[in-house]
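K.L.:
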Amino acid sequence: MKRNELSHVFCKVIFQLTVFPNGTSASNNTLSVDPLIAFAFLDAFIELLQDYFGVVSVATLKDNFDIVYQLLEETRDLSGYPLTTSPNLLSDTVLSPSLISKLLASVSPATPGVPSMRQGGYSFSSNVAGGAFTSLIPWRKAVVGHNHNEILFDVVKEMRGIVGKNGTTSVSSVFGKIESNSKVFGTPDLTLTFMNPNKWTCDNALSFVPPEGRFVLADYQYKPLQSVLVSNVPIPLSLKANMDMGEFGGTFALTLTSRLIKVMEDLELKFYLGEDATSAQCTLSNAGSSVGSVESADGSWSFNSRTKTLQWEILKMQSLGSWILRGSRTSKIKAPRPAHAFQICFEIPSYSFSSLKVNQLRLSSETYKMCKGVRMRRKGSIEWRW
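Here the sequence shown is numbered in my numbering, starting from 1 and rising by one per residue.
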């Protein structure tokens with residue numbers, strides 16, 4: 001019996017929904033589709049909308065409905081399966097809003113070699129609608145030129161973990177992503193090598209021809225050596241929470257302590273107080289000395305009445321220091337139900353969760369010299385339960 005199933009992803013205030021078949025036909029042929037295909041397409045389509053519009057919102061989609069419709073047509077084949085989500089390919093057939101505005105403001109539609117608007121979409125002359133579709137490499141245009149050839153890499157390492165009520169780490173992992181921004185001429189063949197052979201396989205290298213502009217070169221997950229007894233990556237901070245649940249509210253005292261000799265930056269702790277929460281009052285202190293009840297150079301707190309969330313921010317958390325947030329909360333109901341977990345985010349500029357580092361970048365198939373740069377970024381996201 002054939003039936004359809006739905007999958008969706010949430011982007012800010014927008015739900016994106018897709019339908020895929022699941023079941024068997026009368027001839028007993030399997031029609032099941034892996035749901036991950038649908039989720040992967042929805043995530044890729046959201047990134048595509050962000051590339052085109054910047055901010056994805058209801059108003060943006062309404063104002064640019066014709067462009068969204070064209071993107072949906074170009075990213076799927078006749079059967080509804082994903083075809084292409086590469087911005088480099090789609091930019092040749094679907095114009096961005098900024099480019100359309102410039103064309104309408106400064107160029108006559110009758111100008112040869114310039115796309116013109118008409119009902120039902122855009123038409124392109126033969127010398128414009130080429131680009132990536134005429135290239136031997138699908139993800140790169142045939143002719144790309146720049147005044148300066150350069151490629152930049154951002155190696156982003158993110159720790160994600162869950163800490164239980166007793167303070168022990170339930171799970172923690174490090175996920176990495178190599179983000180790139182390429183502005184190079186021709187069709188360069190690049191080889192990126194890494195320094196730590198114990199964390200990489202084969203020849204410790206990535207060989208690739210970069211697309212034009214921003215792209216993600218690779219995603220990876222770091223795992224400690226098998227000889228290590230504990231498979232979890234150490235959490236770089238600790239949290240002690242003293243919670244008092246009372247009628248129509250309660251009190252709390254939170255103590256954050258750094259376990260590193262490095263400085264953590266932009267630390268943010270969020271605590272959902274429940275849908276019936278009305279207010280919160282807090283004071284901050286550092287190593288026993290008061291640093292202000294609202295905002296200071298060391299930290300600040302705020303209560304969002306719309307999301308019912310208490311937010312604690314520390315711009316710079318010094319090495320081996322402790323920060324304390326004491327306060328009270330009120331609620332409209334007698335037995336409030338706050339979340340039993342804190343969400344903690346942070347960044348560590350000069351620290352590495354793993355020893356994987358970039359060694360060098362080699363260029364072949366082209367004779368020019370190019371500028372190259374690598375930047376390391378480390379951040380964390382921890383759920384701390386109480």
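For glycine and all other residues, C-beta sits at the position ideal for the given N, C-alpha and C. In this text the structure is predicted, and so the values were computed from the model without any measurement.
Comparing alpha-carbon positions, which option in 70, 65, 210, 269 lies nearest residue 138?
P.N.:
Closest by alpha carbon: 210.
K.L.:
For the candidate residues 355, 343, 47, 263, whose alpha-carbon lies nearest to that of residue 322?
P.N.:
The shortest Cα separation from residue 322 among 355, 343, 47, 263 belongs to 263.
K.L.:
Tell me which residues share the same chain as residue 340 and place their Cβ nearer than 7 Å to its Cβ, disregarding the 5 neighbours each side in the sequence.
P.N.:
Once the five neighbours on either side are set aside, the close Cβ partners of residue 340 are 385, 386.
K.L.:
What is the residue span of the beta strand (DSSP E) that residue 222 lies within?
P.N.:
213-222 is the extent of the beta strand (DSSP E) around residue 222.
K.L.:
Out of 274, 159, 283, which has the shortest C-alpha to C-alpha gap to residue 334?
P.N.:
Cα-wise, what sits closest to residue 334 is 274.
K.L.:
From the DSSP secondary-structure annotation, give me the bridge partner or partners of residue 141.
P.N.:
Answer is none; residue 141 lacks a bridge partner.
K.L.:
Who are residue 325's beta bridge partners in DSSP?
P.N.:
Beta-bridge pairing links residue 325 to 254, 284.
K.L.:
Cβ of residue 190 less than 7 Å from any chain B Cβ?
P.N.:
No chain B is part of this structure, which consists of one protein chain only.
K.L.:
Using 8 Å as the threshold, is the region 254-272 in touch with the region 307-317, meaning 3 or more CB pairs across them?
P.N.:
Touching, yes.
K.L.:
Got a sec, what are the start and stop residues for the beta strand (DSSP E) residue 175 sits in?
P.N.:
Counting along the chain, the beta strand (DSSP E) containing residue 175 begins and ends at 169-183.
K.L.:
Measure the CB-CB distance between residue 190 and residue 175 and report whether it falls below 7 Å.
P.N.:
The answer is no: Cβ separation not under 7 Å.
K.L.:
Using DSSP with H/G/I as helix, E/B as strand and the rest coil, what is residue 248?
P.N.:
In the structure shown, residue 248 sits in coil (DSSP, three-state: anything other than H, G, I, E or B).
K.L.:
Check the C-beta distance from residue 381 over to residue 157 and give it rounded, since I have them as a contact under 8 Å.
P.N.:
Going by Cβ atoms, the distance from residue 381 to residue 157 rounds to 12 Å, so no, they are not a contact pair.
K.L.:
Go through its chain and collect everything with a Cβ distance to residue 259's Cβ below 7 Å, but skip five positions before and after it.
P.N.:
Closer than 7 Å at the Cβ level, and outside the excluded window around residue 259, lie 236, 237, 238.
K.L.:
With a 10 Å radius around its C-beta and 16 neighbouring C-beta atoms as the bar for buried, classify residue 153 as buried or exposed.
P.N.:
The residue in question, residue 153, is buried, as its Cβ has 16 or more Cβ neighbours within 10 Å.
K.L.:
My output table needs one value for residue 91: the three-state DSSP class, helix, strand or coil.
P.N.:
Residue 91: coil per DSSP, three-state reduction.
K.L.:
Report all residues from its chain with a CB closer than 8 Å to the CB of residue 126; omit the five preceding and five following residues, and keep chain order.
P.N.:
Residue confidence for residue 126 is low, a pLDDT of 41 falling below 50, so the modelled location carries little weight; the figure read from the coordinates is stated next. Cβ within range, chain order: n/a, list empty.
K.L.:
Using 8 Å for Cβ pairs, my map puts residue 140 next to residue 181. What's the rounded Cβ distance?
P.N.:
14 Å between Cβ atoms; not a contact.
K.L.:
In whole angstroms, what separates the C-alpha of residue 356 from that of residue 192?
P.N.:
Rounded to the nearest angstrom, the two C-alpha atoms are 13 Å apart.
K.L.:
Along the chain, where does the alpha helix (DSSP H) that runs through residue 84 open and close?
P.N.:
Looking at the DSSP string, residue 84 is not in any alpha helix (DSSP H), and its letter there is neither H nor E.
K.L.:
So, using beta-carbon positions, are residue 280 and residue 326 closer together than 7 Å?
P.N.:
No, Cβ-Cβ distance for residue 280 and residue 326 is not below 7 Å.
K.L.:
By the three-class DSSP mapping on this structure, what secondary structure does residue 205 have?
P.N.:
The answer is strand: DSSP assigns residue 205 an E or B state.
K.L.:
Determine the extent of the beta strand (DSSP E) in which residue 310 is found, giving its start and end residues.
P.N.:
Segment 309-317, the beta strand (DSSP E) holding residue 310.
K.L.:
Taking DSSP as the reference, what is the three-state secondary structure of residue 241?
P.N.:
DSSP places residue 241 in strand when its eight states are reduced to three.
K.L.:
Is residue 67 helix, strand or coil by DSSP?
P.N.:
Residue state, collapsed to three classes: helix.
K.L.:
Would residue 159 be called buried (16 or more neighbouring beta carbons within 10 Å of its own) or exposed?
P.N.:
With 16 or more Cβ atoms within 10 Å of its Cβ, residue 159 is classed as buried.
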